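In this note's numbering, each residue carries its 1-based index in the sequence shown increased by 2.
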Amino acid sequence: MSGTAGNGKERRAPVPRKGSPSPRLDEGEFKRRFLIQFQDRAFDPLAVELDRIASAAWDAYDHHRKSPETKKAGLGYADPDYDLSVDWIAARQAIEDAQRRHDDPSAPARILMISGSARSEHTCPGEMSKFYRLVAIAREVIERRGHVEVEVLQLDRLASEYGRHIHPCKACFSTSPALCHWPCSCYPNHSLGQAQDWMNEIYPMWVAAHGVMIVSPVNWYQVSSPIKLMMDRLVCADGGNPDPTLTKGKDAALAKKIEMEGWHYPRHLAGRLFSVIVHGDVEGAENVRRSLSDWMKYMQLTPAGPLAELDRYIGYWKEYAVSHEELDADTAIHDEVRNAAQTLLEAVFAKRAGKLVTAGADLQEPRQK
């Protein structure tokens, strides 16, 4: 994109807007919130130690130590002397390793399967999700092929597994794409206790994959909340900045200036193939399927084929209690899921063999944003 207006004059970078109320806590409220997580009676004998830990946590919070461990960026970055978070460096290395696996023509094809329901028998619902079962059906088809590796991402673990979090996107991209780092550098934020963010493990799963299959429920006419969290945090894959030293970390004014000078919106997941399977019980399945498909196409992923995109109703207007029995009886959807998996698999192998042509893939879009 050009950094000049139609009259040829250089455009001035806007000043970041300020004025919303501060979320900062005083020491008393901070410690109250910090200690809430230690309500179990097993912690009672440790009251003195916990008070000392709370004081240490307050010090980190009060001094804004988001990334307490850093190292020099080194060669290959705009500012080699900039102190980068070691957490971010590790995440970047994992992505680079995943990209090498993706690009290796001798390596097995890789399929990422994402089960998007938050339900499992390991937490309050007391029953597995239908999506786990649909993923299992698709996985059997894919693994039967040979020379293929399947990775399953079960997003229900956000609700059932200790220490699993996907923190919300802060929308840095809307300030400037240069401020949205690839991978995301917003987390972990140790001063705010925003640690154990799962996305640093999820990013390499997407990067390594040749094909992605998302299996999603309809939750209130939308994708599930775990899928939406993941989607929002993948914004950095669609035009995000791979060099945080370019913006001196999170310097919003500098990021705006860089964008106004011209930003090329790198699509870090472009060319991967996808399949989408959505089911609901009342309404919204078609809209959710279209939403997921449009999202991935916007990131320049490629639909594997018509049979790879599926929206259906299971137990339409029936009691929720019998939904698994309804899935048992609907053998047609089992076969449709198998067809979707087979379509994705065929497209992946055809593309890796140079036999799949995506018309228009090499054309430059006139509007990047």
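Every residue, glycine too, gets a C-beta built ideally from N, C-alpha and C.
Since we're looking at a predicted model, the values are computed, not measured.
Pull up the CB-CB distance for residue i and residue j, whole angstroms please, since I reckon it's below 8 angstroms.
i    : j    : result
V278 : L303 : Their Cβ separation, rounded to whole angstroms, is 11 angstroms, which puts V278 and L303 out of contact at 8 angstroms.
H270 : G242 : 7 angstroms
D158 : R103 : With a Cβ gap of about 26 angstroms, D158 and R103 do not count as contacting.
G118 : I229 : 4 angstroms
I144 : V152 : 6 angstroms
R166 : W200 : 6 angstroms
T177 : A257 : 6 angstroms
V1   : G317 : This structure cannot settle anything about residue 1, because the visible part of the chain is limited to 3 through 371.
L346 : I113 : 7 angstroms
So for residue i, helix, strand or coil by DSSP?
i    : result
G30  : helix
S187 : coil
Q196 : strand
D259 : Asp is not the amino acid found at residue 259; the sequence shown has Lys there. Helix at K259.
N9   : For N9, the predicted structure reports a pLDDT of 44, less than 50, and the residue's modelled location is therefore unreliable. A value from the coordinates is still provided. Reduced to three states, the DSSP call for N9 is coil.
A211 : coil
D85  : strand
I116 : strand
S277 : strand
Q39  : helix
K353 : helix
A111 : strand
Going straight from the alpha carbon of residue i to that of residue j, what length do you get?
i    : j    : result
V280 : L312 : 6 angstroms
W90  : A272 : 22 angstroms
P305 : F276 : 5 angstroms
H65  : Y134 : 44 angstroms
P190 : S69  : 8 angstroms
A7   : D253 : For A7, the predicted structure reports a pLDDT of 42, less than 50, and the residue's modelled location is therefore unreliable. A value from the coordinates is still provided. C-alpha separation (whole angstroms): 24 angstroms.
R186 : R235 : Reading the sequence as shown, one finds Cys at residue 186 and not Arg. So the alpha carbons of these two residues sit roughly 8 angstroms apart.
V324 : C171 : 36 angstroms
S218 : E327 : 19 angstroms
V17  : R354 : 46 angstroms
G10  : L248 : With a pLDDT of only 46 at G10, under 50, the local geometry of the prediction cannot be trusted, and the value read off the model is given with reservation. In a straight line, the C-alpha of G10 is about 26 angstroms away from that of L248.
M215 : I116 : 6 angstroms
D46  : L37  : 12 angstroms
Just mark residue i as buried or exposed, buried being the case when its beta carbon has 16 or more other beta carbons within 10 Å.
i    : result
C126 : exposed
D240 : buried
G213 : buried
E261 : buried
Q344 : buried
Q156 : buried
K357 : exposed
S226 : buried
P179 : buried
K33  : buried
V350 : buried
H124 : exposed
CB of residue i to nearest heavy atom of the ligand COA: below 8 angstroms?
i    : result
Y322 : With respect to the ligand COA, the structure shown offers nothing to examine, as it has no ligands at all.
Please name the residue or residues paired with residue i in a DSSP beta bridge.
i    : result
Y315 : G282
R269 : D240
V217 : S117 and I279
Q224 : N221
Q156 : S117
K73  : L86
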